[in-house]
Each structure stands twice: as C-alpha cells, then as structure tokens.
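Using the working numbering, read the sequence shown as starting at 999 and increasing by one per residue.
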Amino acid sequence: MKYLPLLSLRQLPIVLKSWGLGAIAILLALLVFVTPAIAATVDDVPSLLEGDRTWVIDFADVISPSIENGVYSDLEQLNQQTGLEVRFVTIDRIDYGQPTDEFAQQVFDKWFPTDDEKANQALILLATEDYRSAIVTGAEVEAIMPESIAQSIANTNVLYPAQKKQFNQALSDGSDRLVAVLSGQPDPGEPVVQEKTFAASTYATAEETDTQSSTVLVVVLLVVATVLPMVAYFMLT
C-alpha cells in the first residue's frame, strides 16, 4: 500500500501557492468560524481596582452602548441612594464541568476578599455562549432582597431573554427588577412567559438549523483536511 507522506515545511509554500489565495482564505474563514471561545477561568477575570465604579463589565461584548449607559445610570443612582453596589458581568462561556454558581462565587471572592467588602455587593454573571446565569450577594443585600428573589432574577429576568440571544433585554430586565427591590419598591416579579401552541411545521427550528449548520461545517472541514493533502501530494509528484 502506498502511503501519502506528510508535507514538509519546505514543501508548504509550494502547496499554498498551488491552492491559490481564494482557497486558503476560505479554509481560514471556516477554521475561525467554527472555533469556539475558550472557556474562561477566574484567573482570566481582571482584579477590580479599589473604588472602581464600573457597574456593567461586558467581557463578552454583547451589550450595546445605549443599554450599558442606561443601566449604569440606574445602578449609579442606586449606589448613591443606598450605598449598595451591583455589577453585571458577561463572559463568553465557562467550563462545562464547572457550576455557574461556583464560578460566580470565585469572581466575587476575588474582587471582595473579606466579609466587610462583600457586605454591600451583588454580582450577576451571564455566560452568553452556553446561556447560564448566576447571582452572588453580600449580607447587606441579602437583608433587603431574599435569596429566592435573587435567584429568580438571575434565572428568569436575566436568563429568559439571554436564551433567545436578547442580551440587551436580559441586562435591562435584570437591572430594572434589582433596582426596584433594592430601592424598597414593590417587586415587579418575573417576566410573563406565554406558551404558544403551533401547528406541526416542516420547517426546521432555529436550534435545529444551528445544529445542522454546525454539522455541515464539521463535515466540510473533515473533507478539506482529507482531500487537500492528497491533491497537494499528487501535484508535487
């Protein structure tokens, strides 16, 4: 049986030239498109400087400036009136094996090491690629906002819109309810989710389409990875 030899570094420029710039560009685009974001660890989260007044920390870059500015104004006003500090943090994703609550607690501990520093703090974490959320609160916040309401905000007001990739609404809705509760106003409650019944459809859902698209891309990459070395070999022999 004749085996295809591995391409040497000396042969690589010749092969790339034979492919053409267009083929190379397409291949690179495919590779970039299907490469997922690296899971974040607590070490990837920068330390919070003393006196920092950034209430929206959008590492995932999914929040529009107008929404971010509006939420910042609301949280700044809350801080001025109550002394409480609420921060929303978005990241791309965390490791699938790590619970979201655990990661959020690690960030909370990193930013506020002592109980005194934690007391007036609340942190809401949203992982945008795997659609997970969590909230961590200090003692002063817990005295005003029960744990049940805090979890409800993270798991409904924030998470429901995020699961539809409506991250601006997730931030806005979560902030609105948090500010209301921590300001002593009546709790607006969870968002109303209306269940709709649809007739059977032959069209693929968005989730099915995403899955099918990912499968097609994987197949394309496998074909490219198999065929291109063979083509390059026969062109060189």
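Ideal Cβ placement from N, Cα and C applies to all residues, glycine included.
Inset, instruction - Leaving aside the five residues before and after Q1161 along the sequence, list all residues of the same chain whose C-beta is less than 8 Å from its C-beta, in chain order. - result: Residues Y1129 of the same chain have their beta carbon placed closer than 8 Å to that of Q1161, with the five preceding and five following residues left out of the count.
Inset, instruction - Compute the Euclidean distance between the alpha carbons of E1138 and F1106, then round it to the nearest angstrom. - result: A straight line joining the alpha-carbon of E1138 with that of F1106 spans about 15 Å.
Inset, instruction - Use the C-beta contact count for E1145: other C-beta atoms within 10 angstroms, 16 or more gives buried, fewer gives exposed. - result: By the neighbour-count rule (16 or more Cβ atoms within 10 Å), E1145 is not buried but exposed.
Inset, instruction - Report the three-state DSSP secondary structure of I1055 (helix, strand or coil). - result: Of the three classes helix, strand and coil, the one that applies to I1055 here is strand, per DSSP.
Inset, instruction - Report the residue from N1166, Q1149, S1181, E1074 whose alpha carbon sits nearest the alpha carbon of E1188. - result: Comparing Cα-Cα distances from E1188 to each of N1166, Q1149, S1181, E1074, the minimum goes to Q1149.
Legend entry - Where T1039 falls: helix, strand or coil (DSSP): The answer is coil: DSSP assigns T1039 none of H, G, I, E or B.
Legend entry - Minimum length 4: unbroken alpha helix (DSSP H) runs contained in the region 1145 to 1170: Counting only runs that start and end inside the region 1145 to 1170, the alpha helix (DSSP H) elements of at least 4 residues fall at 1145 to 1150, 1157 to 1161.
Inset, instruction - Could you check which residue in E1127, I1122, T1126 has the C-alpha nearest to that of G1136? - result: When E1127, I1122, T1126 are compared, the shortest CA-CA separation from G1136 is found for I1122.
Legend entry - Beta-carbon separation (whole angstroms), I1036 vs L1169, contact threshold 8 Å: Actually they are not in contact, since the Cβ atoms of I1036 and L1169 sit about 23 Å apart, beyond 8 Å.
Inset, instruction - Along the alpha helix (DSSP H) that carries A1117, what are the first and last residues, could you check? - result: Per DSSP, A1117 belongs to no alpha helix (DSSP H) and is neither H nor E.
Legend entry - Proximity winner among V1040, V1060, D1041, D1072, relative to T1052 (alpha-carbon distances): Minimum Cα distance to T1052 is reached at D1072.
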